[in-house]
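Taking it in order: structure first as structure tokens, then the write-up.
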Amino acid sequence: MLIDIHSHINNEEFLDDVEDVIKRAQNSNVKKIVCVGCDYKSSISAINLANKFKNVYAVVGFHPNSAFDYDKNSEKLILQAKENKKIIAIGEIGLDYNNLEWQIENAKKNNQNLLITKENFIEKQKEVFLKQLKLANEINLPVVIHMREATNETLKLLEENQSLLSCGGIIHCFNGSLETVKRIFDLGLYISIGGTVTFKNSKFLPSVLANVGFSKIMLETDCPFLSPEPFRGKRNEPKNIQIIAQKIANLTYASLENVENTTTENALKVFPKLNN
């Protein structure tokens, strides 16, 4: 059995055929799909899909791009995760310093009465990230962390607040260095790897896998984004987890069965609600 630990099948690109997408995943041995929220609307849609489909689970939270949208209603949404068996974690939360100008322009459109600068946007990301870490710890749920072009800042914040990681979690869509992965493992966190591992220009992942193996790794598609080769540039789907698993098996000289079993066991261990 395979698990797609991070998908966005709540994305509008799946609006017309999400049921078929889920069936194709099941037929490809992807028996559980985790649907991740990035803001209030996508978190609600993730919950709705989890409630509708037995093998779909939800993660709710506010992506750093949505930091200025976080309010009391956001907190209430996250807190309800404690009682819902299909909400397995809080996420995706974290820091994202990629293309900050674009992020700020979007934030201004949604918050026209606020003065948003690069400096206060970065501080807001950190503030909202920390608030959600505290809530996850309070309700005893793991976290799904987004870390893009903010590696040192993200890991520094986590290292300073390691007590909030008592339930563990993952750095999703990991594509960093061996040094970075060691810091992540020292925090008690796991990493999830997606389609980028199949890219010819994948810079770090082959070396990381050669050195640390897959004992603390999970699999994700991040669909509809980051389709693995040979489907790069096309809409990604959970069924493509098989391709990612095979690539990891090839890079680590392991059997596909071993990669499947270990990554699935990791997912079930770190996210206990997946056992429901």
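The opening position of the sequence shown corresponds to residue 22 in my numbering, with each subsequent residue numbered one higher. Here a beta-carbon is modelled for each residue, glycine too, at the ideal position from N, C-alpha and C. Every value quoted in this text rests on a predicted model; they were computed, and no experiment measured them.
Per DSSP, which one or two residues make a beta bridge with residue 28?
Bridge partners of residue 28: 56.
Can you check which of these residues, 208, 191, 199, 269, is closest to residue 216 by C-alpha distance?
Ranking the options by Cα distance to residue 216, first place goes to 269.
What's the C-alpha gap between residue 127 and residue 97?
Taking the straight line from one Cα to the other gives about 24 Å.
Ignore the nearest five residues each way along the sequence and tell me which others in residue 288's own chain have a CB closer than 7 Å to its CB.
Here the set comprises 24, 26, 239, 295.
Residues bridged to residue 77 by DSSP?
Answer by DSSP bridge pairing, in chain order: 54.
Identity of the residue in 176, 100, 88, 119 nearest residue 135 by Cα
Check the Cα spacing between residue 135 and each of 176, 100, 88, 119: the tightest is with 88.
Just to confirm the assignment: which complete beta strand (DSSP E) runs, minimum length 3, are found wholly within the stretch 94-139?
Taken in chain order, the complete beta strand (DSSP E) segments of 3 or more residues contained in the stretch 94-139 are 108-117.
Got a sec? Which residues, its chain only, sit under 7 Å from residue 102 by beta carbon, not counting five neighbours each side?
Apart from the 5 residues on each side of it in sequence, residue 102 sits with its Cβ closer than 7 Å to the Cβ of 81, 108, 111, 160, 162 in its chain, given in chain order.
Simplified DSSP state of residue 276, which is helix, strand or coil
If DSSP states are grouped into helix, strand and coil, residue 276 belongs with coil.
Looking only at C-alpha atoms, which of 272, 166, 148 sits nearest to residue 226?
The residue with the shortest Cα to Cα distance from residue 226 is 272.
Own chain residues within Cβ distance below 7 Å of residue 250, not counting five before or after:
Same-chain partners within the cutoff: 219, 220.
Taking 9 Å as the threshold (C-beta atoms), are residue 186 and residue 151 in contact?
No, these two residues do not count as a Cβ contact at 9 Å.
Alpha carbon to alpha carbon, what distance is there between residue 280 and residue 267?
Near 8 Å, if we compare the C-alpha coordinates of residue 280 and residue 267.
What are the boundary residues of the alpha helix (DSSP H) that residue 204 is part of?
Secondary structure note for residue 204: its alpha helix (DSSP H) is the uninterrupted segment 199-207.
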